[in-house]
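See below for the structure under consideration.
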Amino acid sequence: MKSQSGFIQIILILGIVIVLGMIGYLLITPKKVAVNSIPSVQPVAAPVSETSNPEVGSIKTSKDLNTSSQSLDDLDTAQIDAQLNLLESESSSF
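Start counting the sequence shown at 970; every next residue gets the next number (my numbering).
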């Protein structure tokens, strides 16, 4: 039994060194920002009136394609641009 008395002291010293090493590692390493702590921006859909976006059926002929192209060309993008600019100015405050 007398030969084991030094063994317990060595184990105790090793345990203390390991605990101090873990504490030092946690203090020295940089903190990582959790992903869920960053505020998220909710997307805002631009309201589109029914008159500016007529319902277009499936495209089967070149005439349908031309009609769809014309309806897209007739869309008023100024309202969408204004909302995007507003969203950009709100997001720049982050």
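Beta carbons are placed, not taken as given, at the ideal position from N, Cα and C, and that holds for glycine.
Contact check, residue i vs residue j, beta carbons under 8 Å
i	j	result
residue 1028	residue 1040	no
Per-residue DSSP class, three states only, for residue i
i	result
residue 998	coil
residue 1029	coil
Buried or exposed (CB count within 10 angstroms, at least 16 for buried), residue i
i	result
residue 1054	exposed
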